[in-house]
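Everything on this sheet refers to the single structure shown next.
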Amino acid sequence: EPEVTQTPSHQVTQMGQEVILRCVPISNHLYFYWYRQILGQKVEFLVSFYNNEISEKSEIFDDQFSVERPDGSNFTLKIRSTKLEDSAMYFCASSEVATLWGTWNEQFFGPGTRLTVL
Amino acid sequence: KQEVTQIPAALSVPEGENLVLNCSFTDSAIYNLQWFRQDPGKGLTSLLLIQSSQREQTSGRLNASLDKSSGRSTLYIAASQPGDSATYLCVGANNAGNMLTFGGGTRLMVKP
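So the protein sequences, as listed, match chains A and B. Sequential numbering of the first sequence, starting at 1, is according to the numbering used here. Sequential numbering of the second sequence, starting at 1001, is according to the numbering used here.
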């Protein structure tokens, strides 16, 4: 069964460093998402991406964050200068198509990347 | 802005018991509602998805209901097993876009 994959499973970085989290969405999916979950807190939406541009983003997704689909398979989240509060589990998700009403199909989640900022 | 609340935050039951997890949401224009399972330190496993036009969905021992008018959903687990121990997340998808709003989860422990 197709699945969303994420690498690495755990990333440790120093404060102020740049990190890139990688995701391979399900191959026929067109919509891609990033979420994060700080330890002990709710999962929070960061950004959605379609047709090579951001569709929606939350207030969390500030100028320190960027997303990219560098090739036909990968979807990346870049944090330019990491802060201690960026430590969290980051989930990538993808979905297939939008319905005629402009809404979205079921999202499928990857296993997550645990980011630890020291 | 959609907000999703789950009660109780934690629940411990003996094996074999039937149980109900509750979820409430503030925006009745919800497009669909989904229940996920999350094991400690792990990813999110989708259990059931209810479209806004539906009232319930069933999968095995799981049954989820959706009442848009009251802003509530329930997840019913029949004949609970120790392997059901996990955190259960209620997630609403809004009508205007593709953002999911997660509840805080119910941490379930099923004791043998």
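By construction, the Cβ of each residue, glycine as well, lies at the ideal position given by its N, Cα and C atoms.
Flagged as an interface residue toward chain B: G112 (chain A), by a C-beta distance shorter than 8 Å. Proximity of chain A to M1099 (chain B) at the Cβ level (cut-off 8 Å) is accounted for by F45, S48, E56 and S58, in chain order. With fewer than 16 other Cβ atoms inside 10 Å of its own Cβ, Q14 (chain A) counts as exposed. Under the criterion of beta carbons closer than 8 Å, R1061 (chain B) and A1079 (chain B) qualify as touching, at roughly 6 Å. About 12 Å separates the beta carbon of Y31 (chain A) from that of C92 (chain A), a gap too long to meet the 8 Å contact definition. Here DSSP, grouped into helix, strand and coil, assigns G72 (chain A) to coil. For L1044 (chain B), at least one C-beta of chain A is nearer than 8 Å to its own C-beta. Bridge pairing for T116 (chain A): A:V12 [DSSP]. According to DSSP, residue pairing for M89 (chain A) in a beta bridge involves A:Q37 and A:R114. For E106 (chain A), the nearest CB of chain B lies under 8 Å from its own CB, placing it at the interface with that chain. Following the DSSP letters along the chain, one finds P1014 (chain B) inside the beta strand (DSSP E) bounded by residues A1010 to P1014. Using a CB distance cut-off of 8 Å, F32 (chain A) does not count as an interface residue toward chain B. CA-to-CA, the gap between G112 (chain A) and G1103 (chain B) works out to about 18 Å. Taking 8 Å as the cut-off between beta carbons, none of the residues of the segment 1065-1077 of chain B comes near chain A. Taking the Cα positions, E1015 (chain B) is about 11 Å away from I1077 (chain B).
Excluding residues up to 5 positions away in sequence, I1050, N1063, A1064, S1065 and L1066 lie with their Cβ nearer than 8 Å to the Cβ of E1056 (chain B) in the same chain. Beyond the five residues adjoining it in sequence on each side, K1068 (chain B) comes within less than 7 Å, by CB distance, of S1028, I1030 and S1052 in the same chain, given in chain order. For F1102 (chain B), the enclosing beta strand (DSSP E) starts and ends at L1100 to F1102.
Contact annotation: V67 (chain A) and V47 (chain A) have beta-carbon atoms nearer than 8 Å. Shown here, L30 (chain A) sits in coil according to DSSP, grouped into three states, outside any helix or strand. Note on geometry: alpha-carbon atoms of D86 (chain A) and Y50 (chain A) lie some 24 Å from one another.
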